[in-house]
Amino acid sequence: MDDKGRGLADTVWTRLDRKAGAIVELTIRQLRNRISTWVVLGVGVLLMVLLLSFYIDAVRESFEPIDNDGDSRDYDKDGYPMGQERKYGTSDLDGNQYPGSSFLSIEGFIDSNDNGRFVSGNFSWQGEALFEPSWIDENYSGFYEVWMPPVNWLEVEECPGDDESINNEQTWDFAWGSACLIGDSDDDGLNTYYVRGDWSGEGSATVLEERSLTWGHITDPIFIEPDPPGLYVDEDGIDCFNSEGERTVCPASDRLSGSHGFDDDGDCLFPNSESAEKDGEAQRDDSNQNGIVCDVLWTTDSDGNEVIGINADNNVDEDPNDEEYAGEIGHRTFIIGVGKIAFVLLLGLFLPLFLALGLVRDETENGTLHLLLSKPIHRGEFILYRLLGYLTVSGGYVIVLSLIVGIITATLGPGNQIFRFSDLPVWLGIGLATTFVLAAYGAIFNTMGLISPKYGVYGCIVFGVWEFAMGFFTILNPNWTVSSISVTHWALQMVDAIVLLAWPDTLQWAEMGSAYGINNALSTFWHPPVHDLGTQSGFVALLVSSTMLLAISSTMVFIGQSVFGKREIM
Amino acid sequence: MNKSETPAVLLDNTSKWYGQVIGLNDVSLAIDGGVTGILGPNGAGKSTLFKLLMGRIKPSQGSVRLFGINPWENTSPYRRVGYVSESEKMYEWMTAHDFVTTLARLHGMTREQASESSKHVLDFVGLSDVMHKELGKYSKGMRQRVKIAHALVHDPDLIILDEPLHGCDPIARTSIMSVIRELGNQGKTVLVSSHILEEIERITEQIVILHNGRLLAIGNLHAIRDLLDKHPHRIVINCEDPRSLASLFVSEDPVFGVSFPSPGRLEIKTNDLSAAHSLLPSLIVKSKQKVTSIENPDDNLDSLLGYLIGGAQ
């Protein structure tokens, strides 16, 4: 006890605490008493309500099955959905071709380098030849009426040049589906034509060098029941095989690499149906070139704990169940997008602009600064405590807001569980990252207000625009070095790191989204954190980015203190 | 009380310039104990002096010490200082109790200690019945007393009051003056600034006179006054019949002339103000006249300054 009756508890530290508490409390009460505070906080809540309404709308929509590969549609209006036409190898762009429609059953062909180049008979022909017909079917309609019309025998003109030029393999620049008259060069009473396209008739054909001709008979059409379009929605989901070769669910905790996928709907055919016909049976596709037809190649990173690439053969696993996939991907995209743009970029910038800029400056302008500075408080302490008061209001607001939005999305979000608990750490992380941003901007804006009470606000606006732009660049490409000269960059990296920690399979979802055509922006809004010191650890990245933000904040507080500490207050 | 050897306030050849303008010019001063009036017209350097003491500005030359410590570099002396600023600005949305409690906590008091102390000081300045009203609804005099209360809440050894009576009504003035006198009686060092001589006179005898940034006089007001009183002074009396009253005065020794500036007014010229004043009651009684007022137009700071400056030349 000293002569003023202070107890042992009255140490320097507790007195410091009390001063801090008093200024923090005063700052909170001052902010509470300003209308602008309530306006800016209210606008933040409104923004969240708006975004949530979009979310609810989107979540409900994405639960309806979506035809990701679009094969339930019937583009040529022949009554058969694209998926069914694909299976039968008919074109979905030509109304004359459909499952069961007549087609050219090939009986022979002369390739550009075959030796025997002469054939005669009554056939349907396709290709290019000198044709001496005894009979022509002038009503022949061909197979590809829309794209490649049959030869029009009604408008045949004399060929330019003479026999010489034909034998010299002169090329006639004919359009597909036309013919020209050469004449009866062998005097057998039959005219010879040069023909290019589809035609039908009896006669003999001579194929010139480097030209080809196919011939055969047209089959009779048969009736095949058109499938309902709904059969081609969600018809081929994502399949994975475990080590025993059993089919399992992919986005589970087990990460996979190697060959997976199963062509449930059997449409994994080689895209060129003509060559499929050639060998008598359908060719299977191996466009990922791993030597296995109709599979999906999953690639993991060097640790084997993160899927970094999914490469599917055509039409394998191409139309997964949307409630299962699009719902989850959309949900994560929403949370990450809202966290980055609405919280870090918008709230992170505007709250400090309205609440922190005048923390000390307003006190000078209102003439109440002397009340505080005539107390035994160092000016530096004063700045720090004011910032703490501001941070209590704005940080508390942001964390509460993020948790409320989090609870709503976790309740409404997709999945079997009633409440998505794994979302809450992400929302908490978003709240935390935004609080770090608020601290950094608070310190920066406050310091700018101190350096130039008059023009500081303009500096803040210019700075804010820079930050906003760098934020967007960071979202799109976090590797771009220039954007790291900004506060938002590090805060967004913090969000990325937290997402990696809380949802380690986000990259896998993003990969699945882009590999299987699930409409999403997850790979736009989320990239693995960049500043992980090469460890690929979310924890290290979180530590690096939060340390950066703390360093920026404390440097700015320090600059503010030295400016304010040396200032004469009139 | 933890009294140190060093005086509460010490200025050593202190000067402060604002660019080309001189705020304070080579002032040396030591004040410790009792109430001291800082007198000077507007622009004399009173505010500059107080800002230097409160560590808000840095002296251009010389040094300033509060309890031996440089206030520009160290805020620790403010644990023992209470400052009543000239500024009217307060947190209008707070109640007086709230306001004083909040600022008391900046001295490191707990919430309870602060609340208790602020009740005590608000009672001391006579505001205990209205202390839960918002400051925005307070009159000028009440606000002035709240400011004094906040400066006293931590029981300081040095209290600095910048124009505490400015703009107050007579009742508030009287109560503030008695508060200041009481503080002086408690043995605290009190600095009160004013540009009105009469106000300071009613509070203290110990004065410092500043003029154009210079320290013009320091010491006992009465000693200074006695010098001043020997100089020609005017006394203006408003009465029914100035002429008959004048006839009584002209024969008296301290009076060397009378005049009638306007109907119903008598102006007496004297070389000895206190002697003339001691004559007044008996002569008025003798004249049986009804006197409505007695004024001393030359008894103000301007005349005092005029005399001091004239004497210096």
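In the order they appear, the protein sequences are chains X and P. FYI, the working numbering numbers position 201 of the first sequence as 201, with every residue one higher than the one before it. FYI, the working numbering numbers position 294 of the second sequence as 294, with every residue one higher than the one before it. Ideal Cβ positions, reconstructed from N, Cα and C, are used throughout, including at glycine. If you're wondering where the values come from, they're calculated on a predicted model, not measured in any experiment.
When you compare only the Cα positions, how much space is there between residue 67 of chain X and residue 547 of chain X? For the purposes of this step, residue 67 of chain X is identified with residue 67 of the first sequence, where counting begins at 1. For the purposes of this step, residue 547 of chain X is identified with residue 547 of the first sequence, where counting begins at 1. Note on geometry: alpha-carbon atoms of residue 67 of chain X and residue 547 of chain X lie some 46 Å from one another.
Have a look at residue 36 of chain X and residue 67 of chain P and give me their C-alpha separation to the nearest angstrom. The residue given as residue 36 of chain X occupies position 36 in the first sequence. The residue given as residue 67 of chain P occupies position 67 in the second sequence. Spanning the two alpha carbons is a distance of roughly 43 Å.
Enumerate in chain order the residues of its own chain whose CB-to-CB distance from residue 449 of chain X is below 6 Å, with the five nearest sequence positions on each side excluded. Against the first sequence, residue 449 of chain X aligns to sequence position 449. Correct list, in chain order: 357, 361 and 456.
In whole angstroms, give me the CA-to-CA distance for residue 459 of chain X and residue 352 of chain X. Position 459 of the first sequence, counting from 1, holds the residue named residue 459 of chain X. Position 352 of the first sequence, counting from 1, holds the residue named residue 352 of chain X. Distance between residue 459 of chain X and residue 352 of chain X, taken at the CA atoms: about 14 Å.
For residue 250 of chain X, report the span of its alpha helix (DSSP H) as first-last. As a first step, residue 250 of chain X must be located in the first sequence, where it is residue number 250. No alpha helix (DSSP H) holds residue 250 of chain X; DSSP gives it neither H nor E.
In angstroms, rounded to a whole number, what distance separates the CA positions of residue 586 of chain X and residue 416 of chain X? In the structure displayed, chain X extends from 1 to 570; residue 586 of chain X sits before or after that span and is not available.
Give me the subset of the region 341-366 of chain X whose CB atoms are less than 7 Å from a CB atom of chain P, sorted by chain position. From the region 341-366 of chain X, only 366 have a Cβ closer than 7 Å to chain P.
If contact is defined by three or more beta carbon pairs under 8 Å, each pair taking one atom from either stretch, is the region 175-185 of chain X in contact with the region 80-91 of chain X? Segments in contact, no.
Going by other Cβ atoms of all chains shown within 10 Å of its Cβ, with 16 needed for buried, is residue 135 of chain X buried or exposed? Numbered from 1 along the first sequence, position 135 holds the residue referred to as residue 135 of chain X. Classification of residue 135 of chain X: exposed, given that the 10 Å Cβ count is below 16.
Let me confirm a value: residue 14 of chain X is counted as buried when at least 16 other C-beta atoms fall within 10 Å, else exposed. Which label applies? For the purposes of this step, residue 14 of chain X is taken as the residue at position 14 of the first sequence. Classification for residue 14 of chain X: exposed.
Within this structure, are the beta carbons of residue 193 of chain P and residue 51 of chain P separated by less than 7 Å? Locating residue 193 of chain P in the second sequence gives position 193, counting from the first residue. Locating residue 51 of chain P in the second sequence gives position 51, counting from the first residue. Residue 51 of chain P is positioned such that its CB atom lies no closer than 7 Å to that of residue 193 of chain P.
Under 8 Å Cβ to Cβ from residue 119 of chain P, same chain only, skipping five residues before and after it: list those, please. As a position in the second sequence, residue 119 of chain P is number 119, starting the count at 1. Taken in chain order, the residues that qualify are 97, 128 and 131.
Against chain X: residues of the region 46-72 of chain P by CB proximity under 8 Å: So the list reads 51, 54, 55, 56, 57 and 58, given in the order they occur along the chain.
Which one or two residues does DSSP pair with residue 311 of chain X in a beta bridge? Translated into positions along the first sequence, residue 311 of chain X becomes position 311. According to DSSP, which records beta bridges pairwise, residue 311 of chain X is partnered with X:297.
Mind reading off the beta-carbon distance from residue 262 of chain X to residue 227 of chain X? Whole number of angstroms is fine, and I expect it under 8 Å. Looking up residue 262 of chain X in the first sequence gives position 262. Looking up residue 227 of chain X in the first sequence gives position 227. Taking the Cβ atoms as the reference, residue 262 of chain X lies roughly 20 Å from residue 227 of chain X, outside the contact range of under 8 Å.
Output needed for residue 200 of chain P: all residues of its chain with C-beta closer than 8 Å, excluding positions within five of it in sequence on either side, in chain order. Here residue 200 of chain P corresponds to residue number 200 of the second sequence, with the count starting at 1. Around residue 200 of chain P: 37, 39, 192, 194, 207 and 221.
Quick one: using the 10 Å Cβ neighbour count with 16 as the cut-off for buried, is residue 198 of chain X buried or exposed? Along the first sequence, one-based indexing puts residue 198 of chain X at 198. Of the other Cβ atoms in all chains shown, 16 or more fall within 10 Å of the Cβ of residue 198 of chain X; this residue is therefore buried.
Quick one: grab the DSSP three-state call for residue 117 of chain X. The residue labelled residue 117 of chain X in the question sits at position 117 within the first sequence. Here residue 117 of chain X carries a coil assignment [DSSP, helix/strand/coil].
Neighbourhood of residue 429 of chain X by C-beta, 6 Å cutoff - its chain only, sequence neighbours within 5 removed: Residue 429 of chain X sits at position 429 when you count from the first residue of the first sequence. The residues are 498.
I want to see whether chain X comes within less than 7 Å of residue 213 of chain P, judged by CB atoms only; does it? To locate residue 213 of chain P, count along the second sequence from 1; it is residue 213. Judged by the 7 Å Cβ criterion, residue 213 of chain P is not in contact with chain X.
Hey, does residue 591 of chain X have any beta-carbon neighbour from chain P nearer than 7 Å? Because chain X here runs from 1 to 570, residue 591 of chain X falls outside it and cannot be looked at.
How many angstroms separate the CA atom of residue 451 of chain X from the CA atom of residue 564 of chain X? Here residue 451 of chain X refers to the residue found at position 451 of the first sequence. Here residue 564 of chain X refers to the residue found at position 564 of the first sequence. Going from the Cα of residue 451 of chain X to the Cα of residue 564 of chain X covers about 8 Å.
Looking at residue 152 of chain P: is its Cβ nearer than 7 Å to the Cβ of residue 22 of chain X? Working through the second sequence from its first residue, we reach residue 152 of chain P at position 152. Working through the first sequence from its first residue, we reach residue 22 of chain X at position 22. Going by C-beta atoms, residue 152 of chain P is not nearer than 7 Å to residue 22 of chain X.
With burial defined as no fewer than 16 other Cβ atoms inside 10 Å of the residue's Cβ, what is the status of residue 280 of chain X: buried or exposed? For the purposes of this step, residue 280 of chain X is taken as the residue at position 280 of the first sequence. Confidence in residue 280 of chain X is poor, its pLDDT being 46 and thus under 50, which makes the residue's placement unreliable; the coordinate value appears in the next sentence. Here residue 280 of chain X is exposed. Its C-beta has fewer than 16 other C-beta atoms within 10 Å.
Residue ranges of each alpha helix (DSSP H) within the region 6-90 of chain P, 4 or longer: Every alpha helix (DSSP H) stretch that sits fully inside the region 6-90 of chain P and reaches 4 residues is listed by chain position as 46-53.
In terms of residue numbering, what span does the beta strand (DSSP E) encompassing residue 193 of chain X cover? Position 193 of the first sequence, counted from the first residue, corresponds to residue 193 of chain X. Residue 193 of chain X -> beta strand (DSSP E) spans 192-206.
List, in order along the chain, the chain X residues whose C-beta lies closer than 7 Å to that of residue 110 of chain P? Taking the first residue of the second sequence as position 1, residue 110 of chain P is located at position 110. Residues of chain X with a Cβ closer than 7 Å to the Cβ of residue 110 of chain P are, in chain order, 18.
Cα-Cα separation, residue 295 of chain X to residue 209 of chain X: Against the first sequence, residue 295 of chain X aligns to sequence position 295. Against the first sequence, residue 209 of chain X aligns to sequence position 209. Per the coordinates, the alpha-carbon of residue 295 of chain X lies some 41 Å from the alpha-carbon of residue 209 of chain X.
Kindly say whether residue 387 of chain X, judged by its beta-carbon, lies nearer than 7 Å to any beta-carbon of chain P. Within the first sequence, the letter at position 387 stands for residue 387 of chain X. It does not; no Cβ of chain P falls within 7 Å.
Thinking C-alpha only, which one of P:81, P:83, P:55 and P:60 is nearest residue 74 of chain P? Taking the second sequence and counting its residues from 1, the one referred to as residue 74 of chain P is at position 74. The residue from P:81, P:83, P:55 and P:60 with its alpha-carbon nearest to that of residue 74 of chain P is P:55.
Quick one: any contact between the region 303-319 of chain X and the region 505-520 of chain X, if contact means 3 or more CB pairs under 8 Å? Flag = yes, the region 303-319 of chain X and the region 505-520 of chain X touch.
Should residue 154 of chain X be labelled buried (16 or more other beta-carbon atoms within 10 Å of its own) or exposed? Stepping through the first sequence from its first residue, residue 154 of chain X is reached at position 154. With fewer than 16 other Cβ atoms from the protein chains shown falling within 10 Å of its own Cβ, residue 154 of chain X counts as exposed.
Any idea what DSSP makes of residue 4 of chain X, helix, strand or coil? Within the first sequence, residue 4 of chain X is the residue found at index 4, counting from 1. Any reading at residue 4 of chain X is ruled out, since the residue's pLDDT is 48, under 50, leaving its predicted position unreliable.
Taking 7 Å as the CB-CB cut-off, is residue 17 of chain P touching chain X? Sequence index remark: in the second sequence, residue 17 of chain P carries index 17 (1-based). Cβ-Cβ to chain X under 7 Å: no for residue 17 of chain P.
Could you check whether residue 567 of chain X and residue 27 of chain X sit closer than 7 Å to each other, using their CB atoms as the reference points? On the first sequence, residue 27 of chain X is found 27 positions in, with the first residue counted as 1. On the first sequence, residue 567 of chain X is found 567 positions in, with the first residue counted as 1. The Cβ-Cβ distance between residue 27 of chain X and residue 567 of chain X does not fall below 7 Å.
By Cβ distance, which residues of its chain are closer than 7 Å to residue 203 of chain P, with the 5 residues on each side in sequence left out? One-based indexing of the second sequence puts residue 203 of chain P at position 203. Listed in chain order, the non-local C-beta contacts of residue 203 of chain P below 7 Å within the same chain comprise 35, 37, 177, 180, 181 and 192, local neighbours out to five positions each way being set aside.
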